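**Q** Every letter in the sequence shown is one number past the one before it in full-length UniProt numbering, and letter 268, counting from 1, is 268.
The structure under discussion is supplied below as C-alpha cells; questions concerning it will follow.
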Amino acid sequence: MSSTPPRNKFPLPLDAVVERKPAPARTAGIAAVGAPRPAAPPTTATAPAKPRLPRTAAPAPAPVPASAVEQRASAATAGGGGMASARARAALAARLRAAGIRDERVLSAIATVPRHLFVEPGLASQAYEDAALPIGHQQTISKPSVVARMIELLRAGLGTDAPLQRVLEIGTGCGYQAAVLAQVAGEVFSIERIRPLHEQAKANLRPLRVPNLRLHYGDGMLGLPQAAPFSAIILAAAGMEVPEALLEQLAIGGRLIAPVAVLPPAGVPGQTVTQQLLLIERRNRHRFHRTALEAVFFVPLKSGTI
C-alpha cells in the first residue's frame with residue numbers, strides 16, 4: 001500500500017462472496033498415459049462425479065498490506081453492483097474527510113475495507129451511506145463516521161506511518177470495525193458476546209483473510225487479560241461506566257474510547273438518559289485522564305454471553 005495487479009472491472013457482484021463456489025480442478029480424474037481406462041459407467045441422466053484430488057494443509061497467511069486486502073475484496077466481489085467498487089469506498093472516505101476526519105491512515109482504511117460485505121444483502125445498496133444499519137440480534141453496524149472518529153481519537157498523536165500497537169475491541173458485531181482497525185494496528189483482538197454474531201463476523205472476514213486480527217467469543221466486560229496490556233481499547237456498546245477490568249488492561253500511555261451513559265440532572269422532569277463519547281488516557285499505574293466528547297447513540301453494553 002509491488003507491481004500493480006490487473007484492474008477488475010466494475011460493477012462487481014455481491015453474491016460472489018457467499019454463493020459462488022470454486023470449480024473443480026480440470027486435472028482431477030485424468031488417467032496417466034498408458035494406464036488402463038476405467039470401465040465406462042452405465043448411462044444415466046447425470047454424469048458421475050469426478051474424483052477429488054487430496055487436499056494439503058495451506059500455510060498460515062503472511063501479513064499483507066492494505067493493497068492486498070483491497071485486491072482480495074475486489075476479487076471476492078467480482079461481477080456485482082456499483083456499491084461494491086473501490087470508487088464507492090473512495091467516495092465514502094472523501095465525504096468523511098469533508099466532514100472533518102483528518103487522519104489519512106484512517107481514511108485509507110475506510111477506502112480499503114468493503115463495508116457491503118458486512119451487511120445483509122438487502123441492505124447492500126445502503127452500505128456506503130453514513131448510516132448505522134441493523135445486523136440482527138438487536139445490534140447494528142456503526143456509522144462509518146463514528147468508526148472513523150473513534151479510531152482517529154485512538155491514533156491521536158501518531159504519524160501516518162505509525163500504527164497502533166495492540167488494540168482490543170469490545171463488541172465485534174459483524175466485524176466491520178475490526179477490519180478497519182486491522183488496517184491501522186499491528187494486532188487487533190475483538191470480543192463478541194453473541195455467538196451467532198461471532199460466527200457471522202468470522203464468515204464476513206474470511207474472504208479478506210486479515211492476518212493480524214483475532215476474534216474471540218466471550219464477555220467483553222471482562223476484557224482479554226491473557227493478551228493484555230493493550231495500547232488502545234475501543235468499545236462498540238454503551239455502559240453506565242467503563243468496566244474496571246478494561247481500565248486495568250490498558251497500557252500506561254494507552255487510550256480507551258467508549259460511549260457512556262449520561263444521567264439527566266436530578267429533579268428535572270422529562271429528561272432521558274443520553275450518551276457521549278468518553279476518551280480515557282492512562283498516565284501512570286493509578287492515574288487516568290478523562291475527556292468527555294460529543295453525543296452519540298450506541299446499543300447497550302451487557303455482561304455475559306448468549
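Just so it is clear, CB atoms sit at the ideal spot from N, CA and C, and this is done for glycine as well.
As the structure is a computational prediction, the values presented were derived from the model and not from experiment.
Excluding the five sequence neighbours on either side, which residues of its own chain have a C-beta within less than 7 Å of the C-beta of I252, listed in chain order?
**A** R282, N284 and R285
**Q** Return the first residue and the last residue of the beta strand (DSSP E) that Q276 is part of.
**A** T274 to R282
**Q** State the CB to CB distance for the pair F189 and A238, rounded to an integer number of angstroms; the pair is presumed to be in contact (CB under 8 Å).
**A** Going by Cβ atoms, the distance from F189 to A238 rounds to 21 Å, so no, they are not a contact pair.
**Q** Can you tell which of G122, A148, L133 and D219 has its C-alpha closest to the C-alpha of L92?
**A** A148
**Q** Around the C-beta of G171, are 16 or more other C-beta atoms found within 10 angstroms, so that it is buried, or is it exposed?
**A** buried
**Q** Measuring CA to CA, which of E294, Q249 and P300 is closest to F288?
**A** Q249
**Q** For the putative contact between E192 and G223, defined by C-beta atoms under 8 Å, what is the C-beta separation to the nearest angstrom?
**A** At roughly 13 Å, the Cβ-Cβ gap does not stay under 8 Å, so E192 and G223 are not in contact.
**Q** On the criterion of 16 or more Cβ atoms from any shown chain inside 10 Å, does A203 qualify as buried, or is it exposed?
**A** exposed
**Q** State the start and end residues of the unbroken beta strand (DSSP E) segment that holds T291.
**A** F288 to A295
**Q** Out of curiosity, what's the CA-to-CA distance linking F118 and Q177?
**A** For F118 and Q177, the gap between their C-alpha atoms comes out near 10 Å.
**Q** Within 10 Å of its beta-carbon, does residue 324 have 16 or more other beta-carbons around it, so buried, or fewer, so exposed?
**A** The requested residue 324 does not occur in the structure, where the chain is confined to residues 1 to 306.
**Q** Under a three-way DSSP split, which group does S231 fall into?
**A** strand
**Q** Mark P259 as exposed unless 16 or more other C-beta atoms lie within 10 angstroms of its C-beta, in which case mark it buried.
**A** P259 is classed as buried because its beta carbon has at least 16 other beta carbons within 10 Å across all chains shown.
**Q** For L158 and Q165, what's the separation of their Cα atoms in angstroms?
**A** 11 Å
**Q** In this structure, how does DSSP classify S142 when only helix, strand and coil are distinguished?
**A** Residue state, collapsed to three classes: coil.
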